[in-house]
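Per this note's numbering, the very first residue in the sequence shown carries number 233; after that it's consecutive. Scroll down for the structure; my scribbles are underneath it.
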Amino acid sequence: MTDALRIIPLGGLGEVGKNMTLYELGDERILVDAGLAFPRDEHLGVDLVLPDFSYLYDHPLHAIVLTHGHEDHVGALPYVLREIEVGEVIATRLTLGLIKSKLDEHGLAQTTDLREADPEGEPLVLGPFTLRFVRMAHSIPDAVAIVVDTPAGRVLHTGDWKLDHTPVDGLKTDVGRLAALGNEGVDLLLGDSTNAERPGMTGSERLVGEAFRQLIPLREGRIVVASFASNIHRVQQAAEVAIENGRRVAVVGRSMRKNMNIARSLGYVDLPDDAIVSPKEAMDLPPDRVLILCTGSQGEPMSALTRIAYGDHPNITVERGDTVIISAKPVPGNELRVHDSINRLAQAGAEVLHQEIAPVHVSGHACSEELRTLLSLVRPRAVMPIHGEYRMLAAHAQLARDSGVPEESIVIAENGAVVQLDARGVRIVDRVDSGVTFVDGLGVGDVQDVALRDRRRLSEDGVLIVVTTIATSDGNEIAPPELIARGFAEDDELLDDLRDEAERVVAELGANGITEIKLLQEHVHDAIGQVVYDRTRRRPMILPVVIEV
Ligand SMILES: [Zn+2]
Ligand SMILES: [Zn+2]
Numbered sequence: 233m234t235d236a237l238r239i240i241p242l243g244g245l246g247e248v249g250k251n252m253t254l255y256e257l258g259d260e261r262i263l264v265d266a267g268l269a270f271p272r273d274e275h276l277g278v279d280l281v282l283p284d285f286s287y288l289y290d291h292p293l294h295a296i297v298l299t300h301g302h303e304d305h306v307g308a309l310p311y312v313l314r315e316i317e318v319g320e321v322i323a324t325r326l327t328l329g330l331i332k333s334k335l336d337e338h339g340l341a342q343t344t345d346l347r348e349a350d351p352e353g354e355p356l357v358l359g360p361f362t363l364r365f366v367r368m369a370h371s372i373p374d375a376v377a378i379v380v381d382t383p384a385g386r387v388l389h390t391g392d393w394k395l396d397h398t399p400v401d402g403l404k405t406d407v408g409r410l411a412a413l414g415n416e417g418v419d420l421l422l423g424d425s426t427n428a429e430r431p432g433m434t435g436s437e438r439l440v441g442e443a444f445r446q447l448i449p450l451r452e453g454r455i456v457v458a459s460f461a462s463n464i465h466r467v468q469q470a471a472e473v474a475i476e477n478g479r480r481v482a483v484v485g486r487s488m489r490k491n492m493n494i495a496r497s498l499g500y501v502d503l504p505d506d507a508i509v510s511p512k513e514a515m516d517l518p519p520d521r522v523l524i525l526c527t528g529s530q531g532e533p534m535s536a537l538t539r540i541a542y543g544d545h546p547n548i549t550v551e552r553g554d555t556v557i558i559s560a561k562p563v564p565g566n567e568l569r570v571h572d573s574i575n576r577l578a579q580a581g582a583e584v585l586h587q588e589i590a591p592v593h594v595s596g597h598a599c600s601e602e603l604r605t606l607l608s609l610v611r612p613r614a615v616m617p618i619h620g621e622y623r624m625l626a627a628h629a630q631l632a633r634d635s636g637v638p639e640e641s642i643v644i645a646e647n648g649a650v651v652q653l654d655a656r657g658v659r660i661v662d663r664v665d666s667g668v669t670f671v672d673g674l675g676v677g678d679v680q681d682v683a684l685r686d687r688r689r690l691s692e693d694g695v696l697i698v699v700t701t702i703a704t705s706d707g708n709e710i711a712p713p714e715l716i717a718r719g720f721a722e723d724d725e726l727l728d729d730l731r732d733e734a735e736r737v738v739a740e741l742g743a744n745g746i747t748e749i750k751l752l753q754e755h756v757h758d759a760i761g762q763v764v765y766d767r768t769r770r771r772p773m774i775l776p777v778v779i780e781v
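Given below as structure tokens:
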């Protein structure tokens, strides 16, 4: 048995997203979190971005332990479970509820052992690792920090957290337990750095409820509230205020419906059945009698709010007098998309309230005062900032320095670094492969058919560029689409058919008055991808380009 604990972040450092950290003692391993990142614009044609977890192939994992149910912590789980031998998945009750439906969709529910993590329960022993859980407040219920006891020392891995003294469910960050841990002695703190640059304290989730309480009664038109589907307390607060004001609630968007169903069935959200209406029923009600909860707060191309903004939603439209509340902050990289949505909604006549002009959002992450509080409660011997871009990690490191942690005991690592904790302290000793893996499905929601592929396969499958030229005036196509194929399909007949398909899609959208470039690109991408896959079983990278002249 070795007495050196190796901590290897495979994702989540130098970025916000795809959190994944390996704890390794000899050949014994546990993984904390298995998250994904949102694709950025330069990942055109890619649905999901996962950490490169090829380092995990060598040895089985005792367990994957999840801090909470956000996609940047659990989204890669099915892909890891498909490739890696994993003893069990351990998470709190709501997190288990959320991942169960995800595992179901991927056909993994029968073959995965799940175990509930209980902050009040006995420690869990997994080989040389003993795990305990500490309740933390965050923007999703049931988040925990993980205490990892090993022969090499004790580590506290915070997960995402903030100090919310008045959380909606009353379950506060357990500062008593954190102080007790400080007395036991913590050798290394791995702490959330997202808001380390921001001064002061993050507001309580309850402040958003108060904002809803002020805004919603004054409105006379329809109200649309967009937020992360996982922000269950946010959604609940909006729905409660709406119901109090005589509105009924429609839940729109696949992930929003799914999360609401799970949260309601597990008792995390309590809303009367008769207050819920279908999107279609909602549009038949008088505008001042309805509130629509939807996805799309990040401007995701095929999400409910984006489709509403571009007049492309099958049920919901907005018009003058309506109010749209975007109750979220854009994840870095999504700002332009969100601005586009806001402009479109404003053009349609809606008043758009977002975090820059109304207190309709609070962060889920601790600001610098809260990080200072945690450092003084836990008094860690060493600190490794996690969860953030480099500047956030550096700001967190500075807070640790200020709190008296010696310079040589602060490690700013990057993805793939091997951080060793042993009797001599903590330092970076090695590097392993890290990076990104792309997942390209055949359209949103088509999870059964998602193909996992890395960069190598991407290059094997080739690239297909579809150039469509439309008239700025009316969106009509003014030249047949051009196709450029590289490393793919020498077959002229297939290329002809793809050209016809692109032409058909553009014509159909034009006939429906949809001329927005991003939507055209998405529709062309999905349609062409489907035909290529049906005919060749290959998934080239498809780059739809729309030129307006
Ligand atoms: Zn996170
Ligand atoms: Zn989170």
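All C-beta atoms, glycine included, are put in the ideal place defined by N, C-alpha and C.
query	result
H757 beta carbon near ligand 1 (any heavy atom closer than 8 Å)	no
Span of the alpha helix (DSSP H) around Q762	749-768
Any non-hydrogen atom of ligand 1 within 8 Å of N251 CB	yes
Terminal residues of the beta strand (DSSP E) in which V496 lies	Per the sequence shown, residue 496 should be read as Arg rather than Val. Unbroken run through R496 is the alpha helix (DSSP H), 486-497; no beta strand (DSSP E).
Residues of its chain near A461, where Cβ-Cβ distance is below 6 Å and the 5 sequence neighbours each way are ignored	S487, M488, N491, T527
Local conformation of P399 per DSSP, three classes	coil
N547 - partner residues in DSSP beta bridges	The partner list for N547 (beta bridge, DSSP) is empty, contrary to what the question assumes.
Counted within 10 angstroms of its Cβ, other Cβ atoms place D284 as buried (16 or more) or exposed	buried
Inter-residue CB distance, I524 and R454 (contact presumed, cutoff 8 Å)	7 Å
Closest by C-alpha distance to R466, when choosing among T253, H593, P351, H302	H593
Check: A375 C-beta below 8 Å from any heavy atom of ligand 2	yes
Candidates V376, G329, V668, L298, of which the one nearest K394 by Cα	V376
Below 5 Å from a heavy atom of ligand 3 - residues by beta-carbon	As far as ligands go, the structure on display features ligand 1 and ligand 2 and does not contain ligand 3.
Same chain, Cβ closer than 6 Å to G675, neighbours up to 5 away in sequence not counted	For G675, the pLDDT reaches just 35, beneath the cut-off of 50, and the residue's location in the model is therefore unreliable, although a value from the coordinates is still provided. Contacts found: D758.
Buried versus exposed call for M252 [16 or more other C-beta atoms within 10 Å across all chains shown]	buried
Own chain residues within Cβ distance below 6 Å of R685, not counting five before or after	Summary for R685: the model assigns pLDDT 40, below 50, so the residue's position carries little reliability; its value from the coordinates is reported in the next sentence. Contacts found: none.
Own chain, CB closer than 6 Å to E551, minus 5 neighbours either side, in chain order	G581
Check: G267 C-beta below 8 Å from any heavy atom of ligand 1	yes
Classification of D681 by the beta-carbon crowding that lies within 10 angstroms, buried from 16 upward	Caution applies to D681, whose pLDDT of 33 falls short of 50 and renders its modelled position unreliable; the model cannot decide the point.
Straight-line Cα distance separating L715 from G258	52 Å
Reduced DSSP category for P449 - H, G, I as helix; E, B as strand; rest coil	helix
Segment contact flag, the segment 437-444 with the segment 582-592, C-beta cutoff 8 Å, min 3 pairs	yes
Reference D634; option with closest CA among L309, D374, I618, S608	S608
Given 8 Å, three or more beta-carbon pairs between the segment 296-303 and the segment 314-334	yes
Length of the line joining the Cα atoms of V407 and E317	36 Å
Contact check, I697 vs A711, beta carbons under 9 Å	no
Extent of the continuous alpha helix (DSSP H) run through I464	464-476
Whole-angstrom C-beta distance between A428 and P399, which should lie under 8 Å	Rounded, the Cβ-Cβ distance is 21 Å, inconsistent with contact.
For A655 and S333, the rounded distance between their alpha carbons	43 Å
Pair within 9 Å by beta-carbon distance, R613 and G657	yes
Cβ neighbour criterion (16 or more within 10 Å) applied to R769	exposed
Proximal residues to V556 (C-beta, below 6 Å), its chain only, five neighbours per side dropped	V456, L577, A582, V584
Stretch pair the segment 470-481 + the segment 537-554: three plus CB contacts closer than 8 Å	no
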